[in-house]
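A short worksheet on the structure shown next.
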Amino acid sequence: MALAPLDTEITLDQLSSDPYPIYRRLRAESPVLRVAATGRTLLTKAALTKAVKDNPDLFSSDDPQTPMRPAFRAHTLMRKDGAAHFVERKAISKALTPKMIKSDWAPLYEKLAEEYVGRLPRGETVDLFSALCGPLAARILAHILGIPEASDAQMQRWSQVLIDGAGNFGWKPELFAISDAANDEMDALFSELEERRRTEPDGSAYSAMLTAPDPIPMSQIHANIKIAIGGGINEPRDALATIVYGLLTNPDQLAEVRAQEAWDRAFEEGIRWVAPIQVSSRRVTEDTELGGFEIPKGDTVMTVQASANRDEDLYEDGESFFVFRDKNPHQAFGNGPHHCAGAHVARRTVGKIILPLLFDRFPDMRLPDPQAVIWKGFGFRGPITLPVVLA
Amino acid sequence: MIKVTYVAPDGTATTLEAEPGSSVMQTAVANDLDGIVGECGGAMMCATCHCYVDPAWQDRTGARSSDEEEMLEGAATEVTEASRLSCQIRLDPALDGLVVHLPEEQH
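Chains as they are written, first to last, in UniProt numbering: chain X, 1 to 391; chain S, 1 to 107.
The following block contains the structure:
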C-alpha cells in the first residue's frame, strides 16, 4: 500500500479565505491527502472523518507537542484520551446537560438575549457580528461557567488569546507571553471567586466542579474553565452570524422558517453549511489504513468536518444553505468521546432563544450588500463582519 | 439476526434487524430511525439516545452503570426506572425481540 499523495500547492491563505472549492475538489479527487502547508493528512469525506473520531484508540487526541499546553498552562481534557479525559469531561458536563439548561438556565438566557437584542438601535446599519454575536455569546458563557464577574470584553479577549496561543505552531514566544498574561488574569479571577462558588453553589460549571463529591484537581478545574472560554465563544458567535447570513440571503427560506418556527432547523443547517470548528487533529497510534492509503504511526490526520458536512454522499447540493433538508447528519459538533460538550447549550441559546427573538424584534432586517461580508478562517470559520440594516 | 422494536411516542412501532454485538443505538442510527440521535457515537457523552425499555424486557437488558446513570441525569425527557442510554444496550441473541419506547425529544 502507498502513502497518501502529497500536495505542495495548497496554501494556508487559500484555506483561510475560501476552503470550500478546494474541499470539493479533494472529495472528488483526493479524499486522503497529505497537505504540506498544514503538516497533516487531510480527510475530507464524511465516512473517513467519522471513522477517525469514533476510534480514539487508533486516533488519539493526546498530543505531547501541542502548543495548547503552554497556551493554557495546562494539559487539558481536549488533548487527553480514555479515563483521563472522561473524568475531567464528566466534571464539567454536569452543568451543561439539556435538563440543567432547560430547567435552570433558560430564563436567564432569555433575559440576557432580550437585553442584548433590545439595545440594538432600530433603523441603523449595525455590524451584528461585533454588536451582538460576540458580546452575547460571551455573556451567556460567563454565566454558565460561573464567572459572570468577567466583562464581555475580557471574555472575548481571553478567548481569542487562548485560541491564538493554541494555534501557535510556530512557537513564537511573544504569543505565549500574551497568553501568560491572560492566564494570570483568569487565574486571579477564578481564585477570587472560588470561596463563594463553593459555599453558595449556583449551578454553574465552576460550582459544580468545586462541590463535586470527588473533585478533580484545582489545576484541572481552571483548565476546564479556560477550555470552555477558548471553545465556547467563537462557535456560538460564528454560528449565529452564519445563520443570520444564510437566512437573510434566502428570504424565501426565512419566510418558511418563520411560518413553521423552524429556528432549530435553521440552526442545524447553518452549522452544517459553515461549521464554526472546521477541522480537528488526531495522532495515529499504530500503522493503519484510510481510504486505501497507508497511514503510518505518528502521523497526524486532520478531520475536515467542514468538508464532511458538504459530502455528496450524504447531501444533495451541500454547497447551498437549505434549511429544509430531509436529513442533516452533520458533524459540526464532532462525534466520539470529544463530542462538543456545549452542543446542548448552543442549540438552546442560539437555536431556540436568540434567533427567534432577533427576527421577531427586527422583522425587516436586511443585508444590503452580501458581498461586503467577509468570511475567514481555516480552523475556526465564520463571517468576521455582518453589516445589517435593523428594521 | 436479532430483531428490535422501537415504539415512538405516537405508538408507531418500527422493527429493525440488528447485527449481534451492535447496540440498540447503533441499530437505530444505521437505519435512519427518527427518535434516536446518538450524536456522540456511543461514547456516553451526549444523552441523545435515551430510551425506555419495555417492562417485559427490563430484567434481560441489565442494570445501568454508574457512568450511564450520571449521563442519563442530563436526558431531555423524564428519566424513569425504565430509562437507558440505548448505546449501552448491546444486542445478543437473548435480546431477540426486544422492545424499547422512544422519548418525545432528545435535545
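Beta carbons: idealized from backbone N, C-alpha and C, even for Gly.
Exercise. Taking the C-alpha atoms as reference points, what is the distance between X:Pro276 and X:Phe169?
Worked result: X:Pro276 and X:Phe169 have their C-alpha atoms some 20 Å from each other.
For this session: Alpha carbon to alpha carbon, how far is X:Ala259 from X:Leu120? Give it in angstroms, no decimals.
Result: Between X:Leu120 and X:Ala259, the C-alpha separation is close to 24 Å.
Problem set entry | Every unbroken alpha helix (DSSP H) within the region 276–341 of chain X, with a cutoff of 4 residues, ordered by chain | You should have 305–308.
For this session: At 4 residues or longer, and completely inside the UniProt domain "2Fe-2S ferredoxin-type" (2–106) of chain S: list those alpha helix (DSSP H) runs for me, N to C.
Result: Considered as a whole, the UniProt domain "2Fe-2S ferredoxin-type" (2–106) of chain S harbours 24–30, 58–61, 66–72 as its complete alpha helix (DSSP H) runs of no fewer than 4 residues, in chain order.
For this session: Give the straight-line distance between the Cα atoms of X:Arg139 and X:Arg310, rounded to the nearest whole angstrom.
Result: C-alpha separation (whole angstroms): 32 Å.
For this session: Return the first residue and the last residue of the alpha helix (DSSP H) that X:Thr199 is part of.
Result: X:Thr199 -> alpha helix (DSSP H) spans 173–199.
Exercise. DSSP state of X:Val274, grouped into three classes?
Worked result: X:Val274 sits in coil when the DSSP states are folded into three classes, being neither helix nor strand.
Exercise. When you check each C-beta in the region 314–338 of chain X against every C-beta of chain S, which residues fall closer than 9 Å?
Worked result: The region 314–338 of chain X vs chain S, Cβ under 9 Å: Lys327, Pro329, Phe333, Gly334, Asn335, Gly336, Pro337, His338.
For this session: Compare the Cα-Cα distances from X:Ala95 to each of X:Asp184, X:Leu210, X:Phe293 and report the closest residue.
Result: For X:Ala95, the closest of X:Asp184, X:Leu210, X:Phe293 by C-alpha to C-alpha distance is X:Leu210.
Exercise. How about X:Thr41 and X:Met218: are their beta carbons less than 8 Å apart?
Worked result: Result no, Cβ atoms of X:Thr41 and X:Met218 do not sit closer than 8 Å.
Exercise. So, X:Ser103 versus X:Asp81, is the Cβ gap smaller than 8 Å?
Worked result: Between X:Ser103 and X:Asp81, the C-beta spacing is not below 8 Å.
Problem set entry | X:Arg348 beta carbon less than 8 Å from that of X:Ile92 | No. Outside cutoff.
Exercise. Where do the ends of the alpha helix (DSSP H) carrying X:Pro387 lie?
Worked result: DSSP places X:Pro387 in no alpha helix (DSSP H) but in the uninterrupted beta strand (DSSP E) bounded by 387–389.
Exercise. If you drop the 5 nearest sequence neighbours on each side, which residues of the same chain put their C-beta closer than 7 Å to that of X:Cys340?
Worked result: Phe333, Gly334, listed in sequence order.
For this session: Report yes or no: is there a C-beta of chain S within less than 8 Å of the C-beta of X:Thr211?
Result: So, not an interface residue.
Exercise. Beta-carbon separation of S:Val4 and S:Val24 under 8 Å?
Worked result: Cβ atoms of S:Val4 and S:Val24: closer than 8 Å.
Problem set entry | Beta-carbon contacts of S:Ala63 that lie in its chain and below 6 Å, excluding the five residues immediately before and after | So no residue of the chain qualifies.
Exercise. Are X:Ala150 and X:Leu189 touching if we call contact CB-CB under 8 Å?
Worked result: Between X:Ala150 and X:Leu189, the CB-CB gap stays under 8 Å.
Exercise. Is it buried or exposed for X:Thr242, if we count other Cβ within 10 angstroms and need 16 for buried?
Worked result: Classification of X:Thr242: buried, given that the 10 Å Cβ count is 16 or more.
For this session: With 8 Å as the C-beta to C-beta threshold (strictly closer), list the residues of the region 8–29 of chain S near chain X in chain order.
Result: Residues: none.
Problem set entry | Contact between the region 220–236 of chain X and the region 279–293 of chain X (3+ Cβ pairs under 8 Å) | By the Cβ test, the region 220–236 of chain X is not in contact with the region 279–293 of chain X, since fewer than three Cβ pairs between them sit closer than 8 Å.
For this session: For S:Gly41, return the contacting residues in chain X, with the cut-off set at a CB-CB distance below 8 Å.
Result: Chain order gives the chain X residues near S:Gly41 as Lys50, Lys53, Asp54, Asn335, Gly336, His339, where near means a beta carbon separation below 8 Å.
Exercise. In three-state DSSP terms, what is X:Gly82?
Worked result: Reduced to three states, the DSSP call for X:Gly82 is helix.
For this session: Can you tell me which of X:Phe359, X:Phe72, X:Ala343 puts its alpha carbon nearest to the alpha carbon of X:Ala181?
Result: When C-alpha distances from X:Ala181 are compared across X:Phe359, X:Phe72, X:Ala343, the shortest belongs to X:Phe72.
Exercise. Which residues in the same chain have their Cβ closer than 8 Å to the Cβ of X:Ile233, if we skip the five residues on either side of it in sequence?
Worked result: Contacts found: Gly134, Ala137, Ala138, Leu141, Met155, Gln156, Ser159.
Exercise. Is residue 399 of chain X helix, strand or coil by DSSP?
Worked result: Shown here, chain X extends from 1 to 391; a query on residue 399 of chain X therefore has no answer.
Exercise. Relative to the alpha-carbon of X:Arg198, which residue among X:Ala74, X:Gly146, X:Trp273, X:Pro329 has its alpha-carbon at the smallest distance?
Worked result: Of the candidates X:Ala74, X:Gly146, X:Trp273, X:Pro329, the one whose C-alpha sits nearest the C-alpha of X:Arg198 is X:Gly146.
Exercise. For the 8 Å Cβ check, are there 3 or more pairs between the region 13–21 of chain S and the region 373–385 of chain X?
Worked result: Touching, no, given that fewer than three Cβ pairs across the two stretches are closer than 8 Å.
For this session: Pull up the DSSP beta-bridge partners for X:Pro383, would you.
Result: Note: X:Pro383 sits in a beta bridge opposite X:Trp375.
Exercise. Which chain X residues are close to S:Gly35, counting only those with a beta carbon under 9 Å from its beta carbon?
Worked result: Within chain X, no residue comes near S:Gly35; the closest Cβ sits about 14 Å away, beyond 9 Å.
Problem set entry | Whole-angstrom distance between X:Glu312 and X:Gly318, CA atom to CA atom | One C-alpha to the other measures close to 7 Å.
Exercise. Does the Cβ of X:Ala83 have 16 or more other Cβ atoms within 10 Å, making it buried, or fewer, making it exposed?
Worked result: Under this definition X:Ala83 is an exposed residue.
Exercise. So what's X:Thr242 in DSSP terms, helix, strand or just coil?
Worked result: DSSP places X:Thr242 in helix when its eight states are reduced to three.
Exercise. For the ligand GDP, any of its heavy atoms closer than 7 Å to the Cβ of X:Glu195?
Worked result: For the ligand GDP, the structure offers nothing, since it holds no ligand at all.
Problem set entry | Straight-line gap, X:Ala212 to X:Ile221 (C-alpha atoms, nearest Å) | Distance between the alpha carbons of X:Ala212 and X:Ile221: 11 Å.
For this session: Please report the residue range of the alpha helix (DSSP H) in which X:Arg139 lies.
Result: X:Arg139 -> alpha helix (DSSP H) spans 134–145.
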